[in-house]
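The sequence shown lines up with residues -17 to -1, 1 to 317 when you count with mature numbering (1 follows the signal peptide of the UniProt record, and there is no 0).
One structure is given here, and the rest of the page talks about it.
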Amino acid sequence: MRLLPIWCWLCAWPALAIEVCELPPRYGSSPAAQAIVRTACEEHRLWQQPFIDRQGRIASLSVTEAESDTLVNQELIAWQRVALYWRESGTLAMVNNEPGSSSCAALDGSRYTANDCRAFLLDTPWSAAFVSWVMTHAGLAGFPSSPSHIDYIRASYLDASGPYRFANPGVEKPKTGDLLCMLRERDFPLGYAGLRAALDAGITDNWPSHCDIVVATNVNDDHTLYLIGGNVFNTVMMRKLPLDRKGRLQLSILQQKNEEKAPNHKQKCTPAQENHCNFNQRDWAALLKLRPDAALVPPQDEVATPPSTIGPMPVPANLPQATPQESTKTIEEK
């Protein structure tokens, strides 16, 4: 029997899996892009690396926003980490009229304050707070932190001096450090042209939207875009999207369909209609391009917040356990 040369066996050996967040920075990426990617990737690692695959299905999901379980390092508690995103990004003060926000601002170790804060975290979308925290922690100068994604989408369109530039996701190629943004809760998709017209008309206040951070593109020519976002299914989630041969989003596959003229007749994802189930099929309307000259601010001494000291509290016999308010969020983040 003839033995195959050793190189044939090596060629047949399965390729080693590559975690994109463990790769070195791409050549030519700016210091700002590297800092943003490093920060987002570290948070995703802490949340046990959940992700949505290229087909738009949730492939992995573990710890979520309001749980008292610890994250990967066994020190940080999940819900306290989300409260930290709010506090350290500066966005908590912007929603101080929301029930429970004051408790998240001043956790004192009491059971009441902890439960009140956790109810706030359940009821209040925190994805924009997460993006704002990443930009703040990375040290990106000039980023307009906000609890609403549409605010920095608008800023990228109107402010030529800001760190991001508003672009068409169907035309320009995403790169690390960019933000890919969708519009949400609309009867019909608008896309880039519709969003731009609305921005020109000044009618986008409080529009529900969501942005994810680009952390890798086309690794080993896999034609895949890798993004990380907060409060996607109540965790810090990676999303994988298909790219075409030129490195652009395949919007013909990803863009939310508008096949019916009446919203009551929209095709819905049901057990009998699995072909309509795709969490990547959204109204992708803007690509916020990180400017090449985006600057980093010098690091400042952060105020230490010892979340691990606020553990589960003993419950007195005469004190009923607080019940968090019913969440008003939709299943996929706002």
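All residues carry an ideal CB built from backbone N, CA and C; glycine is no exception.
These figures come from a predicted structure and were not determined experimentally.
- By DSSP's assignment, residue 193 forms a beta bridge with 165.
- Shown here, residue 44 sits in coil according to DSSP, grouped into three states, outside any helix or strand.
- Put simply, the region 215 to 233 touches the region 190 to 207. At least three CB pairs are less than 8 Å apart.
- The Cβ-Cβ distance between residue 186 and residue 269 does not fall below 9 Å.
- In this structure, residue 167 lies away from residue 140, with their beta-carbon atoms at least 9 Å apart.
- Residue 25 and residue 53 have their C-alpha atoms roughly 15 Å apart.
- In this structure, DSSP gives residue 174 a helical state, which the three-state scheme calls helix.
- Considered as a whole, the region 114 to 167 harbours 147 to 150 and 162 to 166 as its complete beta strand (DSSP E) runs of no fewer than 3 residues, in chain order.
- In this structure, the alpha-carbon of residue 60 lies about 16 Å from that of residue 103.
- By the criterion of at least three beta-carbon pairs nearer than 8 Å, the region 224 to 238 is in contact with the region 246 to 265.
- Cβ contact annotation for residue 251 (same chain, cutoff 8 Å, sequence separation greater than five): 259, in chain order.
- Secondary structure of residue 265 (DSSP, three-state): strand.
- Going by C-alpha positions, residue 70 is about 43 Å away from residue 255.
- DSSP places residue 31 outside both helix and strand once states are collapsed to three, so it counts as coil.
- Assignment of beta-bridge partners to residue 199 by DSSP yields 209.
- Per DSSP, the continuous beta strand (DSSP E) segment holding residue 222 begins and ends at 218 to 225.
- In the same chain as residue 117, and ignoring 5 residues on each side of it, the C-beta atoms closer than 6 Å to its own belong to 22 and 23, in chain order.
- Take residue 112, set aside five residues on each side of it, and the residues of its chain with a beta-carbon closer than 6 Å to its own are 68, 69, 72, 74 and 130, in chain order.
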